[in-house]
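Visitor: In my numbering, the protein residues as written are 310 to 733. For glycine and all other residues, C-beta sits at the position ideal for the given N, C-alpha and C. Owing to the predicted nature of the structure, the values given are computational and were not obtained by experimental measurement.
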């Protein structure tokens, strides 16, 4: 019953899409279990660069069934755009794609509410993607949400949609142009949702049948553990659960069916938006890493904040997720930097100074203690053999592996699907 969960160990953007793409080639199904159109997974294959936001990355392959779980929030119009993008690239999914009927839909009003909420926060703004994710989860837990299964009953669905629109118009002081835009977006939302319902299915039953017949499933997370609303850098987090345990809840499969948990992490650290970032580099070196790593968001295009690898936080997130092994990505980006630093502890050490390891506001008060390691001059882009890596690059990987306490089995050295080193 091989089910593998793949999740990010930092603040997202770790390169999960490439690893899912690699692992799902022989899988029977690949399932997204968290997030929405605020996520962005990029895969490069055959000279094409394809960015997906809601669809599972494994659908790039011709055979796996694609699934979206109940724990996600779905933007119908954005999803249709992604499906068309795949079709433009010669990838058809119409006969191998299912969505949980329980998934909540991102109503266009949510984006207007989010814009208002962020504006009211002022300097304390979270730095959201303005995709309406937060307000959709709020409606879900207020029991006022709209689900894909509602579209199977058009009259009820349209009534719910109209109530959400009315709430937005009554609550927010929208301009005439904004009101026209909202009404237009709602018409599109209603139309596409009523078509998407044909993909609705009991994904829990579907996955159970695959696993009962010795099939394989890849469960794909979004964002990263440090953006998880329970275990991340609250309140600077996303709204959907990002940890491995959320896969079971979202997809409706029991934890005993999970075979492996794979954590994906960069060879350095990045985050988008506001919030604490102990190892952030605000100097020219941070800019250099951003440019060498093309550190701009796949969803928003925003520049990512860059910093040194934080082994304290990554050890924590590997433990939270119960990782059986990890993948280290973008090692090639660090080529040419004379000295590399890894945060091995904090001055305010959670093991000695705190009874509780806090990842919230107090995290910003932690001062990193670094280990300095020698870098390497060689260009390792596209390297696929552990033995031919520069010795300093090997030592860097092994040092991180020791600190996080979980084996690093895969190392990505470039954007292409084939640019991968396996350490068995």
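(1) Skipping 5 residues on each side, what residues in its chain have a beta carbon closer than 7 Å to that of residue 692?
(2) Run through the DSSP bridge pairs and tell me what residue 605 is partnered with.
(3) Leaving aside the five residues before and after residue 402 along the sequence, list all residues of the same chain whose C-beta is less than 7 Å from its C-beta, in chain order.
(4) CB-CB under 6 Å to residue 449, same chain, minus the five flanking residues each way: which ones, in chain order?
(5) Is there contact here, the stretch 532-552 with the stretch 483-500, by at least three beta-carbon pairs under 8 Å?
(6) Let me know the secondary structure DSSP gives residue 707 once reduced to three states.
(7) Hey, how far is the Cα of residue 322 from the Cα of residue 570?
(8) Tell me the DSSP secondary structure of residue 649 in three-state form.
(9) Can you give me the C-alpha to C-alpha distance between residue 728 and residue 583, rounded to a whole angstrom?
(10) Looking at the structure shown, is residue 310 part of a helix, part of a strand, or coil, going by DSSP?
(11) Could you compute how far the alpha carbon of residue 348 sits from the alpha carbon of residue 528?
(12) Does DSSP classify residue 466 as helix, strand or coil?
(13) Use the C-beta contact count for residue 677: other C-beta atoms within 10 angstroms, 16 or more gives buried, fewer gives exposed.
(14) Under the rule that 16 or more other beta-carbon atoms within 10 Å means buried, what is residue 440, buried or exposed?
(15) What did DSSP end up calling residue 679 once you bin it into helix, strand or coil?
(16) Is the Cβ-Cβ distance between residue 530 and residue 343 less than 8 Å?
(17) Near residue 335, what residues of its chain come up, given a Cβ to Cβ distance below 8 Å and the 5 sequence neighbours on each side ignored?
(18) DSSP puts residue 317 in a beta bridge; with which residues?
(19) How close, in whole Å, do the beta carbons of residue 457 and residue 505 come, if the pair is a contact with beta carbons under 8 Å?
(20) Quick one: what does DSSP say residue 720 is sitting in, helix, strand or coil?
(21) Considering only their Cβ atoms, is the gap separating residue 725 from residue 568 smaller than 8 Å?
(22) Closer than 8 Å is the cut-off here; do at least three beta carbon pairs connect the stretch 584-604 with the stretch 324-335?
(23) Can you name, in chain order, every residue of its own chain whose Cβ lies under 7 Å from the Cβ of residue 446, other than the five neighbours on each side?
(24) For the stretch 542-597, which segments carrying the beta strand (DSSP E) assignment without a break, of at least 3 residues, lie completely within its bounds, in sequence order?
(25) Consult DSSP for residue 480 and reduce its assignment to one of helix, strand or coil.
(26) Can you name the start and end residues of the alpha helix (DSSP H) that residue 407 belongs to?
(27) Quick test of your reading: residue 711 and residue 324, contact by CB under 8 Å. State the CB separation rounded to the nearest angstrom.
(28) Does the Cβ of residue 639 have 16 or more other Cβ atoms within 10 Å, making it buried, or fewer, making it exposed?
(29) Just tell me which of 704, 715, 566 has its CA closest to the CA of residue 518.
(30) In the DSSP assignment, find the alpha helix (DSSP H) that holds residue 361 and state where it starts and stops.
(31) For residue 638, which beta-bridge partners are listed by DSSP?
(32) In the DSSP assignment, the beta strand (DSSP E) including residue 341 goes from what residue to what residue?
(33) Spatial neighbours of residue 380 within its chain, please: CB distance less than 7 Å, with the 5 preceding and 5 following residues excluded, ordered by chain position.
(34) Taking buried to mean at least 16 other C-beta atoms within 10 Å of its own C-beta, is residue 604 buried or exposed?
(35) If we count Cβ pairs, one from each stretch, closer than 8 Å, do we get three or more for the stretch 465-474 versus the stretch 416-428?
(36) For residue 385, which option in 410, 487, 400 has the closest C-alpha, if you only look at C-alpha atoms?
Guide: Quick answer:
(1) 698, 722, 730
(2) 612
(3) 368, 375, 392, 395
(4) 413
(5) no
(6) The answer is helix: DSSP assigns residue 707 an H, G or I state.
(7) 18 Å
(8) Of the three classes helix, strand and coil, the one that applies to residue 649 here is strand, per DSSP.
(9) 32 Å
(10) The predicted position of residue 310 is uncertain, since its pLDDT is 46 and thus under 50; a value taken from the coordinates is nonetheless stated next. If DSSP states are grouped into helix, strand and coil, residue 310 belongs with coil.
(11) 15 Å
(12) helix
(13) buried
(14) Residue 440 is buried by the Cβ-count criterion.
(15) Of the three classes helix, strand and coil, the one that applies to residue 679 here is strand, per DSSP.
(16) yes
(17) Cβ neighbours of residue 335 beyond the five flanking positions: 525.
(18) Answer is 573.
(19) 6 Å
(20) strand
(21) The criterion of a C-beta distance shorter than 8 Å is not satisfied by residue 568 and residue 725.
(22) When C-beta atoms of the stretch 584-604 are compared with those of the stretch 324-335, fewer than three pairs fall below 8 Å, so the two segments do not count as touching.
(23) 382, 548, 549
(24) 567-575, 578-580
(25) helix
(26) Counting along the chain, residue 407 falls outside any alpha helix (DSSP H), though it belongs to the beta strand (DSSP E) covering 406-409.
(27) In fact, because the Cβ distance is near 22 Å, the residues do not count as touching under 8 Å.
(28) buried
(29) 566
(30) That residue, residue 361, is in no alpha helix (DSSP H); its beta strand (DSSP E) goes 357-361.
(31) 575
(32) The continuous beta strand (DSSP E) containing residue 341 extends over residues 338-341.
(33) 342, 343, 549, 550, 555, 558, 559
(34) buried
(35) yes
(36) Nearest option by C-alpha distance: 410.
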